[in-house]
Each structure stands twice: as C-alpha cells, then as structure tokens.
Amino acid sequence: MRPADVHRVTVNEAADRYIDIVRAKANTGALAPGTAEVYTRDVHTFAALAGGDRVLDDLTGEDIDDVLLRFAVKPDGRRSGPPSPGDPVARQSGASQSRFRRSVSAFFRHATAAGWVQLDPMRATTVFPRQRGGLRPERRALTREQAEGLLGSAQSLAVTAPDHRKRADQRTELRDALIVLLLATVGPRVSELTRADVEHFYVNAGVRYWRIFGKGGATRDVPLPREVARVLDAYLDERRARPAATGALLLSWRGRRLARGDVQAVIDRVLARVDPRHRRGVTPHGLRHTTATHLLAAATDMDAVRRVLGHSDLSTLGRYRDDLPGELEAAMRAHPLLSGSDPEEQATPQG
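Reading the sequence shown from the start, the letters are residues 24 to 374 in this note's numbering.
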C-alpha cells in the first residue's frame with residue numbers, strides 16, 4: 024500500500040531517525056544491544072554508499088543493487104594492516120554480505136511504514152548473496168593443522184616473558200592468547216566474548232566454568248579445557264594488578280571493555296606468529312565454525328556440541344559443520360560394522 028503523503032527526506036536524515044528508533048528499542052529491552060549495534064553500523068554504511076544527500080524515495084532497485092555490490096568488495100574494516108598470505112582478499116565475507124542485506128531490508132521496511140518511500144526498493148533488487156558470491160571461502164573452519172598452529176601460537180604467547188620496555192597496561196600477550204584460545208576451543212559468539220565479566224567464571228568440583236550469556240537472555244555453563252583454564256588464571260592474576268573501573272574480563276590498554284571490532288586485530292596478531300605453511304586468515308565466526316567442526320568430527324555427542332555453542336535446535340549445527348580433508352576416507356576405514364572382519368587380517372597362514 025502506498026502512503027498518502029511521502030516525506031522527501033534525505034538518506035542521511037532517514038538513517039539518523041531510524042538509528043534513534045533502534046537505540047530507543049535497545050534501551051527499553053525491545054532489541055538486543057548487539058543487534059542494535061549491527062543495525063546502526065550497517066545503516067551508517069548504507070547511507071555512505073548510497074549517498075547521504077540523495078532523497079531516499081528516489082532510490083531504485085538498481086541503486087540498491089549497486090550499494091550491495093560495492094559493499095561486497097568493501098575492505099573488511101575489522102582487519103588492520105596487510106592481509107595475511109592465506110587470506111589475500113580481505114573483503115566482506117558471504118555472511119557479512121547477507122547480514123548487511125538484512126539490515127538494509129529492515130531499514131526500508133520501516134521507511135515504507137513511516138512514509139519515507141512510496142515503495143520498498145528492496146523488492147526490485149536483482150542481486151542476491153549467491154550471485155554476489157565468490158568472495159566467501161568454501162570453508163570457514165580451519166583444518167586440524169591450521170587450528171593447531173593457531174592454538175600453539177596462542178599458548179606460546181601466553182608463556183612469553185613480558186616485555187618490560189612496555190608499560191604494564193600495554194602488555195597484552197596473556198589477554199590476546201586467552202581471546203584466541205576461548206574462541207577456538209569454546210566457540211562463543213564474538214558478542215558473548217566481549218560481554219563476559221570476570222564474575223562469569225567460576226570453579227565447581229575443581230573444574231573451571233564459563234557462564235556465557237547468549238541470545239535472548241539464555242545462559243549456558245561451559246567447562247573450559249585445562250590448558251585454557253591455566254591461561255585464564257594467569258590472565259586474571261595479571262588483571263588484578265591493574266585496577267579497572269569495569270568488571271569486564273577483556274580490557275583495552277585504556278582499561279575499558281574490549282570492543283567487538285578489536286577482536287579481529289587480536290586474532291591477526293596471533294596468526295602472524297604461526298608457521299606460514301599452516302597459516303590461514305580466519306574471523307571470530309570462523310573460529311566458531313572450527314570449534315563445531317572438530318568437536319563433531321571427533322564424534323562428540325551432537326547435543327553436547329549444541330549446548331557448547333548455545334543453539335536451541337540441533338538442526339542449526341548443520342550451518343557450522345564443514346567437511347574436513349580425508350574425513351570420509353578415515354570414517355570408512357574405521358567402519359564400525361566391519362571392524363575386525365578384514366579377511367586378509369583374519370586369514371590363517373598355510374603351513
């Protein structure tokens with residue numbers, strides 16, 4: 024239905040009004056803070072790509088297609104410095120492109136209802152994620168060798184002698200090691216990691232647990248591997264020596280809660296220490312895929328993996344499961360119905 028009167032607002036004016044509404048919903052609890060942050064960032068990006076001074080109602084489906092395509096090849100702002108050898112094209116991943124499209128669609132649904140546009144131009148777009156592809160790698164999870172290289176680099180960083188040429192608040196080795204170890208072994212969402220507070224970690228029967236606050240107010244208690252718990256304890260000892268005004272687990276060198284956008288830079292720093300033969304660029308979400316893939320490949324109970332990742336439905340695991348090289352061959356070699364029945368192994372030598 025076309026609104027009776029269309030308000031000819033500019034793209035920037037519409038974006039600012041929409042973002043004010045998003046923030047208000049976040050303040051009242053109607054929208055999760057992480058979701059509001061994503062909408063705000065994406066709508067700001069959309070306004071910059073579309074042209075802030077243009078009238079919103081003048082945008083056509085072709086204009087939106089152009090914005091989506093330009094976003095797809097936009098450098099990933101989470102990465103600082105040159106791309107790693109294993110990830111030469113630091114552009115937007117397929118997941119980021121799909122997320123951006125969803126954010127823009129939500130913006131135009133509101134714009135249509137508010138009377139800022141006559142018709143939703145998203146209905147006239149012809150470019151979809153599958154066509155925009157080619158930028159998303161076929162697999163997100165690291166192979167075993169790549170994951171072990173990254174974890175080994177993090178563990179060696181954790182035991183590196185502190186650089187006393189730096190101020191105490193600028194020594195981030197233990198923090199960086201802990202971030203990578205938690206992402207790669209527990210697989211939290213990056214928002215769950217940056218929202219973690221010191222008090223969310225506790226010990227029960229000698230086992231260190233992390234109480235993770237996930238989507239929709241859901242919580243899950245995940246036991247930490249012993250190697251990760253040791254690095255956590257060392258980091259907490261170091262953190263206690265730095266009084267902070269916040270109870271956040273991960274602190275910036277300024278003593279504030281670490282921002283989501285800083286996590287990728289931490290991963291890249293640890294990756295730079297990995298042997299180039301086993302190095303491949305990876306995002307925080309790629310490490311979540313790595314956790315799921317290798318736990319499932321090791322025949323870990325699917326429901327246990329679901330609980331570690333914080334999914335409400337087992338079917339969601341399919342999106343996080345990548346194939347591993349040689350996995351099918353190994354499974355067939357160890358087929359449970361044929362174990363011990365190889366005729367060549369059972370044949371009795373003839374005298």
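The C-beta atom is built at its ideal place from N, Cα and C for all residues, glycine as well.
Through-space distance from residue j to residue i, alpha-carbon basis
i: R64; j: V45; result: 11 Å
i: R132; j: V293; result: 41 Å
i: G57; j: R329; result: 21 Å
i: T208; j: E60; result: 26 Å
i: R303; j: F123; result: 25 Å
i: T33; j: A73; result: 11 Å
i: R146; j: W139; result: 16 Å
i: Y62; j: A55; result: 11 Å
i: L79; j: A288; result: 35 Å
i: A252; j: Y225; result: 10 Å
i: A219; j: V182; result: 23 Å
i: D9; j: R300; result: Nothing can be reported for residue 9, as the shown portion of the chain is limited to 24 through 374.
i: V203; j: I290; result: 6 Å
i: T316; j: T51; result: 37 Å
i: I42; j: R279; result: 25 Å
i: L91; j: Q120; result: 8 Å
i: N227; j: R234; result: 12 Å
i: A322; j: E250; result: 21 Å
i: R231; j: P144; result: 51 Å
i: K97; j: F130; result: 20 Å
i: V331; j: R283; result: 21 Å
i: D298; j: R167; result: 14 Å
i: T195; j: L274; result: 9 Å
i: A264; j: L206; result: 25 Å
i: T68; j: Q115; result: 13 Å
i: R40; j: Q169; result: 45 Å
i: A71; j: H223; result: 39 Å
i: A241; j: H334; result: 10 Å
i: A136; j: L201; result: 46 Å
i: A95; j: G229; result: 48 Å
i: P211; j: H30; result: 43 Å
Helix, strand or coil at residue i according to DSSP, with G and I counted as helix
i: R265; result: coil
i: V226; result: strand
i: P246; result: strand
i: A164; result: coil
i: D220; result: strand
i: L272; result: coil
i: R303; result: coil
i: R280; result: strand
i: M24; result: Residue placement at M24 is flagged as unreliable, the pLDDT there being 42, under the threshold of 50; a coordinate-derived value is accordingly withheld.
i: G210; result: coil
i: G240; result: helix
i: S296; result: One detail in the question is off: residue 296 reads as Arg in this sequence, not Ser. Of the three classes helix, strand and coil, the one that applies to R296 here is coil, per DSSP.
i: G175; result: helix
i: V251; result: helix
i: L142; result: coil
i: V182; result: coil
i: T135; result: helix
i: D336; result: coil
i: R124; result: helix
i: R198; result: helix
i: L158; result: Unreliable placement is indicated for L158, whose pLDDT of 35 sits below 50; no coordinate value is reported for it.
Where the beta strand (DSSP E) through residue i begins and ends
i: R231; result: V230 to F236
Limits of the unbroken alpha helix (DSSP H) element including residue i
i: R311; result: P307 to A320
i: D326; result: M325 to L332
Beta-carbon separation (whole angstroms), residue i vs residue j, contact threshold 8 Å
i: L216; j: E261; result: About 18 Å separates the two Cβ atoms, so there is no contact after all.
i: V272; j: V213; result: The residue you asked about is not Val; residue 272 is Leu in the sequence shown. Wrong, their Cβ atoms sit about 13 Å apart, outside the cutoff.
i: D199; j: L180; result: 6 Å
i: D244; j: T148; result: No, D244 and T148 are not in contact; Cβ-Cβ is about 43 Å, not under 8 Å.
i: R311; j: S176; result: Incorrect: roughly 19 Å between the Cβ atoms, too far for contact.
i: N35; j: D76; result: 7 Å
i: R125; j: G309; result: Not confirmed; about 20 Å, so no contact.
i: L165; j: V305; result: 6 Å
Could you give the uninterrupted runs of the alpha helix (DSSP H) lying entirely in the region 31-119, keeping only those of 4 residues or more?
34-51, 56-73 and 84-95
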